[in-house]
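Trainee:
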Amino acid sequence: MPGHWPRAARSFEWAAPFLVVAGKPRGLLTVIFLVEHHLSVPRTARYQQLGELSAATKQLWLVLHGYGQLAEYFIRHFAALHAADPAGTVIVAPEGLSRFYLNGTKGRVGASWMTSADRLTEIDDQHTYLTALLRPMLAIAPTADVIVLGFSQGTATASRWLAHMASTEGWRPRRLLLWAGDFPADTLPAPNLLPGLPIDMVCGDQDEYISYEQFRQQADTLKKAGALVSTFQFSGGHTLNINLLRQLAGY
286 MPGHWPRAAR SFEWAAPFLV VAGKPRGLLT VIFLVEHHLS VPRTARYQQL
336 GELSAATKQL WLVLHGYGQL AEYFIRHFAA LHAADPAGTV IVAPEGLSRF
386 YLNGTKGRVG ASWMTSADRL TEIDDQHTYL TALLRPMLAI APTADVIVLG
436 FSQGTATASR WLAHMASTEG WRPRRLLLWA GDFPADTLPA PNLLPGLPID
486 MVCGDQDEYI SYEQFRQQAD TLKKAGALVS TFQFSGGHTL NINLLRQLAG
536 Y
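One rule links them: number in the numbering used here = place in the sequence shown (from 1) + 285.
#1: Counting Cβ pairs closer than 8 Å, one from the stretch 426-438 and one from the stretch 457-471, do we hit at least three?
#2: Taking the alpha helix (DSSP H) that arginine 460 falls in, what are its first and last residues?
#3: What is the rounded straight-line gap between the Cα of arginine 262 and the Cα of aspartate 410?
#4: Thinking C-alpha only, which one of Glu337, Thr400, Leu355, Leu319 is nearest alanine 429?
#5: Terminal residues of the continuous alpha helix (DSSP H) containing leucine 387?
#6: So arginine 328 and leucine 382 are in contact, right, with Cβ under 8 Å, and what is the actual spacing, rounded?
#7: Along the chain, which unbroken stretches of the alpha helix (DSSP H) at least 4 residues long are found entirely within the stretch 413-484?
#8: Check each candidate in Ile432, Thr374, Glu321 and name the one with the smallest Cα separation from leucine 335.
#9: Classify valine 320 as buried or exposed, calling it buried when 16 or more other Cβ atoms lie within 10 Å of its own Cβ.
#10: In the DSSP assignment, what residue or residues form a beta bridge with phenylalanine 517?
#11: Figure out for me which residue from Met486, Gly521, Pro483, Leu349 has the closest Cα to the Cα of tyrosine 414.
#12: Ends of the alpha helix (DSSP H) at glutamine 499?
#13: Tell me whether phenylalanine 385 is buried or exposed, calling it buried when 16 or more other Cβ atoms sit within 10 Å of its Cβ.
#14: Just to confirm, are methionine 422 and leucine 507 a CB contact at a threshold of 9 Å?
#15: Going by Cα to Cα distance, which pick from Lys343, Pro427, Gly535, Ile408 is closest to serine 444?
#16: Going by other Cβ atoms of all chains shown within 10 Å of its Cβ, with 16 needed for buried, is alanine 417 buried or exposed?
#17: So, for glycine 351: in the same chain, excluding its five sequence neighbours on each side, which residues have a beta-carbon less than 7 Å away from its beta-carbon?
#18: Could you name the residues of the same chain whose beta carbon sits closer than 7 Å to that of threonine 406, not counting the 5 residues immediately before and after it, in chain order?
#19: Reducing DSSP to helix, strand and coil, say where alanine 372 ends up.
#20: Rounded to whole angstroms, what is the Cα-Cα separation between proline 427 and tyrosine 332?
#21: Near arginine 457, what residues of its chain come up, given a Cβ to Cβ distance below 8 Å and the 5 sequence neighbours on each side ignored?
#22: Pull the bridge partners of proline 379 from the DSSP assignment, please.
#23: Could you name the residues of the same chain whose beta carbon sits closer than 7 Å to that of glycine 511, not counting the 5 residues immediately before and after it, in chain order?
#24: In the stretch 334-367, which residue ranges form an unbroken alpha helix (DSSP H) of at least 4 residues, counting only runs that do not cross its ends?
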């Protein structure tokens, strides 16, 4: 509600967002309180796929990229998995809904799953998006083992979404791979998801974002929540490792 306040009002702390603008008569300020709204709108999402889903599909890999990556490039890391069993293995890589220029205002483009701004709404949008992607795939390949892999920023997105699916629809994947990332603390203890869920945690021994101590602590936390955790390290940094990936896939 607009009003006029003396200059001293600038030292107050307000319970709601507001704007302070110069008012009249001279020496007074106008305080305008802001109200934030949200509007759901149709949105076109993009994803990449290797292989064709069918009733014969044995494994469906849903792979979530890291910050600043695009699905069309990220999915190429998994080409060997599809090539090892073209009829039985399908790889699907959804892309984060927010894209941006990686350097300045032109050139290479990357995608992000979310930022800290309006994070709860963005998390809800992730859930809606990924659930809408998965449902028709399960209808086509109802007996396929669904394996979810999150890399870097994608680990938090995958973990939150799977916890949501487990609590709202009673569904969870056959297996979860957390690669160079963690299961977010705000999602724990995830009682409908974690107990008995096989989780492979992977990290390079030279990862600049994750120390070995953090890696070990995260594994211990998930084990205490009931997950069946296996840990793997490889020689390298904050990246995927094709040899270890093939080993984990059983190829």
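Glycine residues also receive a C-beta, built at the ideal position from the N, C-alpha and C atoms.
Mentor: The short version:
#1: yes
#2: For the purposes of this step, residue 460 is taken as residue 175 along the sequence shown, with counting starting at 1. Not the alpha helix (DSSP H): arginine 460 falls in the beta strand (DSSP E), residues 460-464.
#3: No answer is possible for residue 262: it lies beyond the span of the chain, which begins at 286 and ends at 536.
#4: Taking the sequence shown and counting its residues from 1, the one referred to as residue 429 is at position 144. Measuring C-alpha to C-alpha distances from alanine 429 to each of Glu337, Thr400, Leu355, Leu319 identifies Glu337 as the nearest.
#5: The residue given as residue 387 occupies position 102 in the sequence shown. Annotation for leucine 387: no alpha helix (DSSP H) segment contains it, and DSSP assigns it neither H nor E.
#6: In the sequence shown, the residue the question calls residue 328 occupies position 43. In the sequence shown, the residue the question calls residue 382 occupies position 97. Going by Cβ atoms, the distance from arginine 328 to leucine 382 rounds to 7 Å, so yes, they are a contact pair.
#7: 438-454
#8: Within the sequence shown, numbered from 1, the residue matching residue 335 stands at position 50. Leucine 335 has its Cα closest to that of Thr374, out of Ile432, Thr374, Glu321.
#9: Taking the sequence shown and counting its residues from 1, the one referred to as residue 320 is at position 35. Exposed.
#10: Stepping through the sequence shown from its first residue, residue 517 is reached at position 232. Beta-bridge pairing links phenylalanine 517 to Val487.
#11: For this step, residue 414 is matched to residue 129 along the sequence shown. Of all alpha-carbon atoms in Met486, Gly521, Pro483, Leu349, the one lying nearest the alpha-carbon of tyrosine 414 is that of Leu349.
#12: Along the sequence shown, one-based indexing puts residue 499 at 214. Note, glutamine 499: alpha helix (DSSP H), 497-509.
#13: On the sequence shown, residue 385 is found 100 positions in, with the first residue counted as 1. Burial call: exposed.
#14: Within the sequence shown, the letter at position 137 stands for residue 422. Within the sequence shown, the letter at position 222 stands for residue 507. Contact: no.
#15: In the sequence shown, counting from the first residue as 1, residue 444 sits at position 159. Closest by alpha carbon: Ile408.
#16: Position 132 of the sequence shown holds residue 417. Exposed.
#17: Translated into the one-based positions of the sequence shown, residue 351 becomes position 66. Hits under 7 Å: Phe436, Ser437, Gln438, Gly439.
#18: By one-based count along the sequence shown, residue 406 stands at place 121. Excluding residues within five positions, the ones whose Cβ falls inside 7 Å are His323.
#19: As a first step, residue 372 is located in the sequence shown; it is residue number 87 there, counting from the start. The answer is coil: DSSP assigns alanine 372 none of H, G, I, E or B.
#20: Taking the first residue of the sequence shown as position 1, residue 427 is located at position 142. Taking the first residue of the sequence shown as position 1, residue 332 is located at position 47. Whole-angstrom Cα-Cα distance: 20 Å.
#21: Counting from 1 along the sequence shown, the entry for residue 457 is found at position 172. Cβ within range, chain order: Leu447, Met450, Ala451, Asn477, Leu478, Leu482.
#22: The residue you call residue 379 lines up with position 94 of the sequence shown. DSSP lists Tyr332 as partners of proline 379.
#23: What you label residue 511 is simply residue 226 of the sequence shown in a count that begins at 1. Contacts found: Leu479, Pro480, Gly481.
#24: 356-359
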